[in-house]
Amino acid sequence: MAKLYHKSTGRPAEPRDAQEMLRVIETFVRSCASPAVLEYGEHVMPLKPKEHTLELRSGRLWIDVWDETRSLSRRILTIERHATGILDCSVHRFGGVPGKLSFLDLERPQTGVATLRGSRQSFGEQFRRMLFRQFPGWEISALSSAMDLQRSFSPVFPRATLTKGNHRIAALACPSPEDEAALLTFALLWFDYVQGRGRREMSSELCLFVPEQAGCLTAHRLRWLDRAALKTHLFRFNEHGCAGQVDPDDLGNLDTRVSPHYIPVELGPEISALLSRLTAVQGIGCCPELNGSVSIRARGIEFARIEKGRVFLGIEAKREIDVARLAEVEEYAAQIVLLTRDTQGNIHNAGLGLSGASERWFEAAVRSHLTLVDASVLETPVHGQVLTFAGTDRNLVDLLAVSSSGRLVIVELKTTEDIHLPIQALDYWMRIRWHTERGELQHLFPGIALSGNVPKLLLVGPAISFHPANATVLRYFSPEIDVERVGINSGWQREFKVVLRLRGADVPQSHETSNECSGSC
Numbered sequence: 189m190a191k192l193y194h195k196s197t198g199r200p201a202e203p204r205d206a207q208e209m210l211r212v213i214e215t216f217v218r219s220c221a222s223p224a225v226l227e228y229g230e231h232v233m234p235l236k237p238k239e240h241t242l243e244l245r246s247g248r249l250w251i252d253v254w255d256e257t258r259s260l261s262r263r264i265l266t267i268e269r270h271a272t273g274i275l276d277c278s279v280h281r282f283g284g285v286p287g288k289l290s291f292l293d294l295e296r297p298q299t300g301v302a303t304l305r306g307s308r309q310s311f312g313e314q315f316r317r318m319l320f321r322q323f324p325g326w327e328i329s330a331l332s333s334a335m336d337l338q339r340s341f342s343p344v345f346p347r348a349t350l351t352k353g354n355h356r357i358a359a360l361a362c363p364s365p366e367d368e369a370a371l372l373t374f375a376l377l378w379f380d381y382v383q384g385r386g387r388r389e390m391s392s393e394l395c396l397f398v399p400e401q402a403g404c405l406t407a408h409r410l411r412w413l414d415r416a417a418l419k420t421h422l423f424r425f426n427e428h429g430c431a432g433q434v435d436p437d438d439l440g441n442l443d444t445r446v447s448p449h450y451i452p453v454e455l456g457p458e459i460s461a462l463l464s465r466l467t468a469v470q471g472i473g474c475c476p477e478l479n480g481s482v483s484i485r486a487r488g489i490e491f492a493r494i495e496k497g498r499v500f501l502g503i504e505a506k507r508e509i510d511v512a513r514l515a516e517v518e519e520y521a522a523q524i525v526l527l528t529r530d531t532q533g534n535i536h537n538a539g540l541g542l543s544g545a546s547e548r549w550f551e552a553a554v555r556s557h558l559t560l561v562d563a564s565v566l567e568t569p570v571h572g573q574v575l576t577f578a579g580t581d582r583n584l585v586d587l588l589a590v591s592s593s594g595r596l597v598i599v600e601l602k603t604t605e606d607i608h609l610p611i612q613a614l615d616y617w618m619r620i621r622w623h624t625e626r627g628e629l630q631h632l633f634p635g636i637a638l639s640g641n642v643p644k645l646l647l648v649g650p651a652i653s654f655h656p657a658n659a660t661v662l663r664y665f666s667p668e669i670d671v672e673r674v675g676i677n678s679g680w681q682r683e684f685k686v687v688l689r690l691r692g693a694d695v696p697q698s699h700e701t702s703n704e705c706s707g708s709c
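Okay, so the sequence shown: first residue is 189 according to my numbering, each after it adds one.
Shown next, in the form of structure tokens:
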């Protein structure tokens with residue numbers, strides 16, 4: 189008797205006769221809570237009672253599946269593998285082309301990987317058809333959606349290379365509007381790779397394909413790339429896979445709103461003295477807010493607030509503290525610092541609700557040492573989160589400051605490695621620039637004449653946390669964007685030092701950080 193793949197041993201199955209395969213498949217389908225079939229390169233199709241047949245025809249096993257939009261008919265050759273929730277088969281497609289088809293139980297978590305892989309292969313084939321229609325006469329010399337960790341290529345976005353004479357296209361497709369935010373980072377990495385592999389005399393262009401519901405975010409970003417370094421084209425495709433080129437300049441204005449009010453912080457002498465004592469303690473920082481309040485944090489954890497001259501104490505539920513009892517605030521701060529301390533100065537999750545605490549701690553440290561980060565920046569006012577806009581999933585801390593000459597300075601903070609840091613920072617920079625051109629930020633800096641010059645962009649984080657691909661992405665930014673990466677020492681929690689300073693797409697000559705400096709490097 190032929191042997192099935194055994195879920196515990198992983199042994200390959202042997203071919204079996206059609207009658208036996210029919211019995212095994214029917215048994216598997218009956219055992220499924222939500223049976224479905226997946227042919228790799230196509231979409232998953234549920235196996236509904238009156239929308240599929242599994243039968244013998246002239247001694248051969250056939251499966252037919254249909255729904256309102258498509259149908260599938262395949263001859264099953266062998267059962268290749270039987271695991272929990274998955275039954276893999278080899279099949280004949282039309283014309284005798286071999287293929288792979290899997291029966292799945294969609295209710296089983298084990299089928300998630302197979303479903304995702306099949307969905308990505310399906311979109312990859314749809315992308316191939318779009319390229320054939322859009323670029324007749326071009327050769328698709330490469331098309332893949334495989335993950336490549338070494339080159340930071342994502343499996344989410346199928347990528348292709350097309351060639352025609354001395355011309356070459358690097359193409360990337362976005363499967364859904366939800367994935368658009370990550371598209372441009374991987375597109376620039378793919379373009380850089382393709383451009384570096386061909387003959388020097390070949391010209392290269394970048395073509396991006398996005399769903400018809402998407403494109404505005406990408407279009408706004410494309411306007412701020414270096415047009416001398418790369419030529420870009422944007423295409424939108426519909427649910428049928430029909431694509432058409434669009435002009436990025438025709439896809440609407442930026443979605444952005446600036447905070448309409450700014451109330452400078454006003455403190456009485458007792459509270460001012462309290463803040464001076466608190467900020468002298470390692471790990472304690474104060475962050476003024478646009479509404480005139482002050483957030484007081486210990487290692488990134490807000491434990492007190494000042495609002496309209498009143499002091500509130502507590503992490504979750506806050507209670508008001510009378511000015512005569514301000515010593516309680518200092519005692520509370522000392523307890524939190526002690527509770528969350530280890531020998532390296534790292535944060536312990538002591539049940540205090542520490543989500544994002546490391547980023548907030550780093551923000552307080554940068555605010556306290558802003559002139560080390562950039563000597564031209566004024567220490568006050570420094571604003572956080574002055575803009576609101578939709579369409580992106582941001583996980584950065586944004587600060588907006590001003591230089592002594594009146595030039596706006598954007599400070600983007602990130603404590604962990606993030607391949608999307610440059611593009612996410614670009615989203616904020618282009619909006620600040622848009623508001624600057626319209627004179628809509630002057631109220632945030634009373635008494636300071638803003639110059640109207642293009643804002644400066646600082647990417648600030650621990651020096652060891654900058655992703656190697658960040659420099660590649662920055663290489664394609666418009667020369668108009670004055671961007672600088674500022675690396676902080678790994679022990680910034682104890683002593684804050686600048687150890688790395690790179691302009692634009694520069695890369696460090698050495699990754700050694702032993703020669704640390706506390707000012708400009």
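The beta carbon of each residue, even a glycine, is placed where N, CA and C say it ideally should be.
Whose CA, out of Val671, Ala468, Arg258, Leu632, lies closest to the CA of Leu614?
Mapped onto the sequence shown, residue 614 falls at position 426. Closest option to Leu614, Cα to Cα, is Val671.
Using only the heavy atoms of the ligand GDP, determine whether one of them is closer than 7 Å to the beta carbon of Pro610.
For the ligand GDP, the structure offers nothing, since it holds no ligand at all.
Around the C-beta of Pro200, are 16 or more other C-beta atoms found within 10 angstroms, so that it is buried, or is it exposed?
For the purposes of this step, residue 200 is identified with residue 12 of the sequence shown, where counting begins at 1. Its pLDDT being 46, under 50, Pro200 is placed unreliably in this model, and the coordinates cannot settle the point.
Below 8 Å, how does it come out for the segment 422-440 and the segment 370-388: are there three or more Cβ pairs, yes or no?
Contact fails: fewer than three Cβ-Cβ distances are below 8 Å.
Which whole runs of the alpha helix (DSSP H) in the segment 571-634 are 4 residues long or more, in chain order?
609-625, all fully within the segment 571-634.
Could you tell me which residues DSSP pairs with Thr351 in its beta bridges?
The residue labelled residue 351 in the question sits at position 163 within the sequence shown. The partner list for Thr351 (beta bridge, DSSP) reads Glu327, Arg356.
Would you mind stating whether Gly273 and Glu227 have Cβ atoms separated by less than 8 Å?
The count along the sequence shown starts at 1 and reaches residue 273 at position 85. The count along the sequence shown starts at 1 and reaches residue 227 at position 39. Going by C-beta atoms, Gly273 is not nearer than 8 Å to Glu227.
State the Cα-Cα distance for the pair Asp414 and Val642, rounded to the nearest angstrom.
On the sequence shown, position 226 is the one that residue 414 refers to. On the sequence shown, position 454 is the one that residue 642 refers to. Distance between the alpha carbons of Asp414 and Val642: 16 Å.
Out of Ser639, Arg248, Phe633, Asp205, state which residue places its alpha-carbon closest to the alpha-carbon of His449.
In the sequence shown, the residue the question calls residue 449 occupies position 261. Of Ser639, Arg248, Phe633, Asp205, the residue nearest in Cα terms is Phe633.
Do His608 and Ala407 count as a contact pair if the criterion is CB distance below 8 Å?
Position 219 of the sequence shown, counted from the first residue, corresponds to residue 407. Position 420 of the sequence shown, counted from the first residue, corresponds to residue 608. Their beta carbons are not under 8 Å apart, which means Ala407 does not touch His608 by this criterion.
Note down, in chain order, each residue of its chain lying with its Cβ closer than 7 Å to the Cβ of Glu389, except the 5 sequence neighbours on either side.
Locating residue 389 in the sequence shown gives position 201, counting from the first residue. These residues qualify, in order along the chain: Asn354.
Which value, in whole angstroms, describes the spacing of the CA atoms of Arg245 and Glu313?
By one-based count along the sequence shown, residue 245 stands at place 57. By one-based count along the sequence shown, residue 313 stands at place 125. Answer to the nearest angstrom: the Cα atoms are 30 Å apart.
Are the beta-carbon atoms of Gly692 and Gly675 separated by less than 8 Å?
In the sequence shown, the residue the question calls residue 692 occupies position 504. In the sequence shown, the residue the question calls residue 675 occupies position 487. Not in contact: Gly692 and Gly675 (Cβ atoms no closer than 8 Å).
In angstroms, rounded to a whole number, what distance separates the CA positions of Asn711 and Asp586?
With the chain represented from 189 up to 709, any question about residue 711 goes unanswered, as that position is not in the structure.
Between the Cα of Asp255 and the Cα atoms of His240, Phe341, Val686, which residue gives the shortest distance?
Against the sequence shown, residue 255 aligns to sequence position 67. If we check each option's Cα against that of Asp255, His240 comes out closest.
Quick one: grab the DSSP three-state call for Asp367.
Walking along the sequence shown from the start, residue 367 turns up at place 179. Helix, per DSSP.
Would the segment 390-407 and the segment 295-311 be scored as touching if the rule is three or more Cβ pairs under 8 Å?
No, the segment 390-407 does not touch the segment 295-311.
Take the Cβ of Gln207 as the centre, count every other Cβ of all protein chains shown within 10 Å, and call the residue buried at 16 or more, exposed below.
What you label residue 207 is simply residue 19 of the sequence shown in a count that begins at 1. So Gln207 counts as exposed.
Measure the beta-carbon distance from Pro399 to Cys362 and round it to whole angstroms, keeping in mind my assumption that it falls under 8 Å.
Counting from one through the sequence shown, the residue named residue 399 turns up at place 211. Counting from one through the sequence shown, the residue named residue 362 turns up at place 174. Confirmed, Cβ separation roughly 7 Å.
Going by Cα to Cα distance, which pick from Asn677, Val590, Ile598, Arg682 is closest to Leu638?
By 1-based counting over the sequence shown, the position of residue 638 is 450. Nearest of Asn677, Val590, Ile598, Arg682 to Leu638, Cα basis: Val590.
What three-state label does DSSP hand Gly539 in the structure shown?
Taking the sequence shown and counting its residues from 1, one reaches residue 539 at position 351. Note that Gly539 scores 49 on pLDDT, short of 50, meaning its location in the model is unreliable and no value can be drawn from it.
Can you tell me whether DSSP reads His408 as helix, strand or coil?
Within the sequence shown, the letter at position 220 stands for residue 408. In this structure, His408 counts as helix in the three-state DSSP scheme.
Could you tell me whether the Cβ atoms of Arg152 and Leu360 are closer together than 8 Å?
One cannot answer for residue 152 here, as it falls past the ends of the chain, which runs 189 to 709.
Which stretch, first to last residue, makes up the beta strand (DSSP E) that contains His689?
As a first step, residue 689 must be located in the sequence shown, where it is residue number 501. In the sequence on display, residue 689 carries Arg and not His. Counting along the chain, the beta strand (DSSP E) containing Arg689 begins and ends at 686-691.
Take Arg498 and list the residues in its own chain whose beta-carbon comes closer than 7 Å to its own, dropping the five residues that flank it on each side.
In the sequence shown, the residue the question calls residue 498 occupies position 310. Closer than 7 Å at Cβ, skipping near neighbours: Glu508.
Would Asn658 be called buried (16 or more neighbouring beta carbons within 10 Å of its own) or exposed?
Numbered from 1 along the sequence shown, position 470 holds the residue referred to as residue 658. Asn658 comes out buried.
With DSSP as the reference, please indicate the residues paired to His231 in a beta bridge.
The residue you call residue 231 lines up with position 43 of the sequence shown. Answer by DSSP bridge pairing: none, since His231 is not bridged.
Helix, strand or coil: which one does DSSP assign to Arg218?
The residue labelled residue 218 in the question sits at position 30 within the sequence shown. DSSP places Arg218 in helix when its eight states are reduced to three.
Is Ala361 helix, strand or coil by DSSP?
By one-based count along the sequence shown, residue 361 stands at place 173. Correct three-state label for Ala361: strand.
Below 8 Å on the Cβ atoms is my guess for Leu265 versus Met233; work out the distance and round it to an integer in Å.
Position 77 of the sequence shown, counted from the first residue, corresponds to residue 265. Position 45 of the sequence shown, counted from the first residue, corresponds to residue 233. No, Leu265 and Met233 are not in contact; Cβ-Cβ is about 19 Å, not under 8 Å.
Please classify Met335: is it buried, with 16 or more other beta-carbons within 10 angstroms of its beta-carbon, or exposed?
Counting from one through the sequence shown, the residue named residue 335 turns up at place 147. That one is exposed.
From Val574 to Gly306, what distance separates their C-alpha atoms?
Translated into positions along the sequence shown, residue 574 becomes position 386. Translated into positions along the sequence shown, residue 306 becomes position 118. Approximately 43 Å between the Cα atoms of the pair.
Can you tell me where the beta strand (DSSP E) holding Trp254 begins and where it ends?
Reading the sequence shown from its first residue, position 66 is the one you call residue 254. Residues 248-254.
Using only CA atoms, which one of Phe665, Leu688, Val661, Val686 lies nearest to Leu376?
Here residue 376 corresponds to residue number 188 of the sequence shown, with the count starting at 1. For Leu376, the nearest C-alpha among the options comes from Val661.
Just confirm the distance between the C-beta atoms of Ala402 and Pro365, as a whole number of angstroms; I'd bet it's less than 8 Å.
Here residue 402 is taken as the residue at index 214 of the sequence shown, counted from 1. Here residue 365 is taken as the residue at index 177 of the sequence shown, counted from 1. Their Cβ separation, rounded to whole angstroms, is 4 Å, which keeps Ala402 and Pro365 in contact under 8 Å.
Output the distance between the C-alpha atoms of Ala512 and Phe500, rounded to the nearest integer angstrom.
In the sequence shown, residue 512 corresponds to position 324, counting from 1. In the sequence shown, residue 500 corresponds to position 312, counting from 1. Roughly 13 Å separates the two Cα atoms.
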